[in-house]
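Please read the structure below before turning to the comments.
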Amino acid sequence: MMNSSNFPILSVITYLPLLGILLICLIDSKRHDLIRWLAFLTAVVTFLFSLPLYFMFDANTWQMQFVENIPWVSEFGISYHMGIDGISLFLVLLTTFLSALAILSTWSAVTERVKGYMVALLFLETGMLGVFCALDFILFYVFWEVMLIPMYFIIGIWGGTRRIYAAVKFFIYTMSGSVLMLVAILVLYFMYYKLTGVFTFDILTYYNLGLPSNVQFWLFLAFFLAFAIKVPMFPFHTWLPDAHVEAPTAGSVILAGVLLKMGTYGFLRFSLPIFPQASVDFIPVIMCLSVIGIIYGAMVSLAQDDIKKLVAYSSVSHLGYCMLGMFALNMEGLKGSIIQMVNHGLSTGALFMIVGMLYERRHTRLISEYGGILKVMPVFGALFLLVAFSSMGVPGLNGFVGELLILIGAFKASIWYGLLSTTGLVLGAVYLLWMYKRVMYGDITKDENKKLKDMTNREYAYLLPIILFIVWIGVYPKPFLDKMDASVVHLLEVVNHQGSMRTDARKNIGLNTNYANKNPEQFAADQRR
Amino acid sequence: MEQVMTTVNLSAVYPEIILALFSFIILLMQSFNRARFKDYYGYVSLIGVLACIAVVFSQPSSFDMRSIEYSFNGMWVVDNYCRFFKLIFLLGTGLTILISIKYLENEGMQHGEYFALILFATLGMMIMASGAELITIFLGIELMSVSLYVLAGYTRTRMISNEAALKYFLLGSFATGFLLYGIALTYGSTGTSDIKAISKFIATTGFQSPTIIMGMALLVIGFGFKAALVPFHMWTPDVYEGAPAPITAFMSAGPKAAAFAAFVRIFMEALPSLQGQWTAIIWIMAVLTMSVGNIIALVQDNIKRMLAYSSIAHAGYVLVAFLSAGELGISSILYYMLAYTFMNIGAFAIITVLGGRGEEKVHIQDYRGLGYRHPIAAIAMSLFLFSLAGIPPTGGFMGKFYIFSAAVKEGYVGLAIIGVINSVVSVYYYLRITVAMYMQDPSTTKESETPALIFSPALVVAICISAYGVLSLGLFPSTYVAIVKQSFLALQ
């Protein structure tokens, strides 16, 4: 395959955190600082190992890169098949990036059972990376489920007062969606066997099989349930506020930053290419649910008096955009959706970190407990504003690029979806700015707030890298968008030209150049004027 | 490669002979010098089990040769199917013995009968797996059951244990009656009790009289009782709760597997032509068994009782595989029973340690804060529970995956959906234990005091073997699947 030396880089990245766990297990559990440093170093090394993925990634092909494919359970046709394309590349990078920062962000917030906490975070990282790299159904499913275990413990042990409820709800909610997906996978597997006489769980072989449409309908529904719960789409979102609010800061950052993307990623990797017919049929349903999610999430955010809950509900709204762009099923929408996944990971992750900073200082998340914080923490205030701007999609920052592309895509698909979802943008600005006003401006009403300290060095260390990318993607998104071109074009090919994928495969590489000219950054620049 | 020997072929029963010999040795040791050999019964029986495993492995050749050898005028069969089951039984027995050694020392009840009876029960199971004829199978069932009745009441000073034994005995003998009637009716309608001959008779004559249908129904009841399938499961919770913890572990793995071994052999080899008749019954029983087991387990506070209901539910999953007969279905039963033996006995090993003297701490609230008092025990327990719940990367997941893929292959998609939804339900009660272990603090100071947990080396070995089994079945299933595929029944 393309640019793959024989070095199994994806496996190395995926299992490096496990190596870190092994080392941490050898340390005495009382040496908290050593454990923290080791965990952080492991995550940083993992991130550094993942950087070459970006530079060595060949943007001219839609084919999987850095592929590893060895049989795992050959009796069933299960293989250990890893690989990434332009869609998963950024999710892998986002995961390694956010994991390292998330570990840094709970340096002082978690003081008990540090060892277990760090082990869980690293284990989670392995699970998430596996999900994004796996190209075999069963391998994917294993990682998808495995990742529940550390998250369950992170919420349940280090969470807030209602942590047990939130943890169990998270676990069961997610699992109930995914078991139906397992059955659907099995149905697909035997159907493929009947068609071809081959037993395989290789995801790529299932692309565009031309399944009968009634079969596609039911299988799509099963996959939809699993992914819609994970995204979460309205009305499957109820686990999200509970899990987010109760989770410790790092848990929320990972949950919002990466875990939710597994749902959207699932749609891209499975639902669209495997069930193109059903995907098209389901467009109205999904678009409606997305628009409802966008507006509903924003309205509910507006009504929150708890900052963390507000940010949690804003995720429902933002992920609505991702789904909207994806099911617009055009170039702009899809690319916007993918870049918005990254954006949401960065800006919402940063928002949760900011909430965590406030919480560490005051041990409350109620908006009414704050006010006038800008006077005591000016630098914090500025960064907070920047992140809030990014989240609401102010031009020049990352959120704008994604939302603009998505809206272009949505308007192309249907003017009504476009119009309705634009109201979400307005509401987004309202709830974030209103919250910002109540927390940061005005007079200091509470005595406890008078002596709050501004940002510490450690806090700079984990917030500034995110802000760097927030600005970078906002000003110059080309390096990010270019890498995904070929894969997105190919995905659209698969969806639009059902049943003819194999003949098209050769032409695709040529097609790519046409689309590369349509530089979305140009759109952004035009709009700003 | 099929071979029929009409003569007495002792080599075909070597494992059984070894096992019987060792149980006699234990009984003799006890009569010679009770005080002196007190501590050795367990180890002696362990040697017997190991020797037996070695013989099963080498008998008569490797697993790759799918040899089927009939002997004793066709009453006895040695094939890969029964050998694999025997390995499961012996594994369960070996693990149980490892758990029991310390348990009996704590309770001050080191009698040789205990181990002798365990070996006899195992012998019964092995006869069930190897029986090629209904009466042989019945003898095996009786040997196993009678030994188990005694073992359930082994801690005779405890009221609850006595109750368990009596209940088990009364209901068990009732079920035996059904089984025997079933055998009699089958014999009456076909004129033979030989499994192959029955199938030949039905196939050639196309004979489907009410008597044989009746016989089949009664067999279902009999085996349903032995394997604890709803609606014949009523005895399970009480017996599992009352019996000594190691015996509960033993009962939940081996005898259940044995019941399925014989059940499958009779229904797949003798009555396959009646499949149309039993499919509907088994379908309903599978759904009921999974659902009732899981739903009632949700509200249990006693862990032994909870695992009793969970074991009912697991029998339901096996029924799903049973229904999806064929290569995939049968081999998935073998795989699942192996995984189940590891994970369930592993969980019971932990329960045995934590229960303490007199098994007083068997409630969920007793597990609060365990994750911090005994981190390793809690991690092992979590592993077994996640495996029971079917979360990857454990053997429990691969087993369920195997079973449901068999179900989907045979077109039982509805059943597979009910099954996976059930496994979500089961997650809730397995999680309750991990919640208690990691997320709740003991409410009283007395509880939070670290009880002196007594980990004997034997017990640690048992837990390690189980943990290894659970993980290797989940992460590297390939080798096991290869063996399992060599072992499924040769269907006509």
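Chains A and B are the protein sequences, given in the same order. Numbering (this note's numbering) for the first sequence: 3 to 531. Numbering (this note's numbering) for the second sequence: 709 to 1200. From the three backbone atoms N, C-alpha and C, an ideal C-beta is built for every residue, glycine too.
B/Ala1085 is outside the set of residues whose beta carbon lies under 9 Å from a beta carbon in chain A.
Inclusion of A/Ile159 and A/Tyr208 in the CB contact set at 9 Å is not warranted, their separation being larger than that value.
Shown here, A/Gly22 sits in a helix according to DSSP, grouped into three states. Straight-line measurement puts the Cα of A/Ala280 at about 7 Å from the Cα of A/Ser215.
Burial check for B/Asp946: the Cβ neighbour count within 10 Å reaches 16 or more, so the residue is buried.
Chain B places no beta carbon closer than 9 Å to that of A/Glu461, leaving this residue out of the contacts. Contact check for A/Val75 and A/Ile86: beta-carbon distance about 23 Å, past the 8 Å limit, so the pair fails to qualify. Residue-level contact check: A/Ile174 touches chain B, since one or more beta carbons of chain B fall below 9 Å from its beta carbon.
The continuous stretches of beta strand (DSSP E) do not include B/Trp986, which lies in the alpha helix (DSSP H) extending over residues Gln983 to Ala1005.
Within the same chain, Cβ atoms closer than 6 Å to the Cβ of A/Pro73 are found at Ser81, the five residues on either side in sequence being excluded.
Secondary structure of A/Asn71 (DSSP, three-state): strand. CA-CA distance, A/Met235 to B/Thr912, rounds to 60 Å. The stretch 948-962 of chain B and the stretch 1045-1065 of chain B touch, with no fewer than 3 CB-CB distances between them shorter than 8 Å. Between B/Ser907 and B/Ser981, the C-beta spacing is below 9 Å. Where A/Tyr82 is concerned, there is no enclosing alpha helix (DSSP H), although the beta strand (DSSP E) around it starts and stops at Ile80 to Ile86.
Taking C-beta separations shorter than 6 Å and ignoring five residues to either side along the sequence, the partners of B/Ser731 in its chain run Ala824, Leu827 and Phe828, following chain order. Within chain A, the residues placing a beta-carbon under 8 Å from that of B/Met1147 are Gly158, Ile159, Arg165, Ile166 and Ala169, ordered along the chain. For the stretch 1175-1199 of chain B, the set of positions with a beta-carbon nearer than 8 Å to some beta-carbon of chain A reads Pro1185, Ser1186, Val1189, Ala1190 and Lys1193 in chain order. Among the residues facing chain B, A/Arg38 is not included, as its CB has no counterpart in that chain under 9 Å away. Of all residues in the stretch 1092-1126 of chain B, only Phe1094, Ile1099, Pro1100, Pro1101, Phe1112, Ser1113, Val1116, Lys1117, Val1121, Ala1124 and Ile1125 place a beta-carbon less than 7 Å from a beta-carbon of chain A.
When Cβ-Cβ separations below 9 Å define contact, B/Ser1131 makes contact with chain A. In this structure, DSSP gives B/Tyr811 a helical state, which the three-state scheme calls helix.
For A/Phe134, no chain B residue has a C-beta closer than 9 Å to its own C-beta; the minimum C-beta separation is roughly 17 Å. With fewer than 16 other Cβ atoms from the protein chains shown falling within 10 Å of its own Cβ, B/Leu758 counts as exposed. In the structure shown, A/Ala136 falls within a strand segment according to DSSP collapsed to helix, strand and coil. Between B/Ala873 and the set B/Gly932, B/Ala935, B/Tyr889 and B/Tyr948, the nearest pair of CA atoms involves B/Tyr948. Note on the stretch 172-234 of chain A: there is no whole beta strand (DSSP E) run with a minimum of 3 residues. With fewer than 16 other Cβ atoms inside 10 Å of its own Cβ, A/Thr163 counts as exposed.
Looking from the CA of B/Tyr1120, the closest CA among B/Ala1033, B/Gln1073, B/Gly962 and B/Ser1164 belongs to B/Ala1033. Residue-level contact check: B/Val938 does not touch chain A, since none of the beta carbons of chain A fall below 9 Å from its beta carbon.
The Cβ neighbour count for A/Trp146, taken over all protein chains shown within 10 Å, is at least 16; the residue is labelled buried. If you draw a straight line from the Cα of B/Val1133 to the Cα of B/Ala1021, it comes to about 11 Å. Collapsing the DSSP output to three states places B/Gly839 in a strand. Boundaries of the beta strand (DSSP E) harbouring B/Ser779: Ile776 to Ser779, taken from the DSSP string.
Looking only at A/Met328, A/Val477, A/Gly129 and A/Val490, the smallest Cα-Cα distance to B/Pro1100 is reached by A/Gly129. Closest in C-alpha terms to A/Leu103, from the list A/Tyr56, A/Met149 and A/Thr44, comes A/Thr44.
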